[in-house]
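Below is one structure; the comments refer to it alone.
Numbering (UniProt numbering), first residue to last: 1 to 149.
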């Protein structure tokens, strides 16, 4: 009697069960990695924009507010998204005066996750909005200790 080649249904189901269990264990770690990578991208852009703001300050003796609703061509020099394009970015960026001060003396740049103008599905529950001001203070509205290196 000759036995046919191949896998039985039971063997295939066991392999599929193992694959599903491994995927279920790996997925949360992968999601956490993606959030941290996009957060690091936003932090790098915040630092880059602050350097541009400091250069602008040395030339004009004031900072310049900016947002996605930029009205003047000057504001167009400061990008309002964190990634390579607005549609693929996780954070929307805005620059405005620090609380209780004028824009001429202090600016705060915010990276706001998952707005309608960027990837609206992205969420950063640990850190939420990242902030960097012209004094050098780095904060996050989520309050998690690991939001800034």
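Note that beta-carbon positions come from the ideal geometry of N, C-alpha and C, so glycine has one too. In this text the structure is predicted, and so the values were computed from the model without any measurement.
Worksheet entry | Strand pairing of residue 66, partner residues [DSSP] | 95
Item to complete: Take every Cβ of the stretch 107-124, pair it with every Cβ of the stretch 83-96, and state whether three or more of those distances are shorter than 8 Å.
Response: yes
Worksheet item: So, is residue 42 buried or exposed, given that buried needs 16 or more other C-beta atoms within 10 angstroms?
Response: buried
Item to complete: State the start and end residues of the unbroken beta strand (DSSP E) segment that holds residue 108.
Response: Taken as a continuous stretch (DSSP letters only), the beta strand (DSSP E) holding residue 108 covers 107-113.
Discussion item. In whole angstroms, give me the CA-to-CA distance for residue 125 and residue 35.
Written reply: 9 Å
Worksheet item: Cα separation between residue 11 and residue 28?
Response: 28 Å
Worksheet item: At which residues does the alpha helix (DSSP H) containing residue 12 begin and terminate?
Response: 9-60
Practice prompt. Could you check how far apart the C-beta atoms of residue 107 and residue 97 are, in whole angstroms? I think they sit under 8 Å.
Written response: 7 Å
Item to complete: Would you mind stating whether residue 140 and residue 129 have Cβ atoms separated by less than 9 Å?
Response: yes
Worksheet entry | Straight-line Cα distance separating residue 118 from residue 18 | 37 Å
Worksheet item: Quick one: is residue 110 buried, meaning 16 or more other Cβ sit within 10 Å of its Cβ, or exposed?
Response: A residue is called buried once 16 or more other Cβ atoms fall within 10 Å of its Cβ, and residue 110 is buried on that count.
Worksheet item: When you compare only the Cα positions, how much space is there between residue 53 and residue 64?
Response: 7 Å
Worksheet item: What residue range is occupied by the uninterrupted beta strand (DSSP E) comprising residue 121?
Response: Segment: none, residue 121 is in no beta strand (DSSP E) and carries neither H nor E.
Worksheet entry | Candidates 142, 68, 122: closest to residue 131 by CA position | Across the set 142, 68, 122, the C-alpha of 142 shows the shortest separation from the C-alpha of residue 131.
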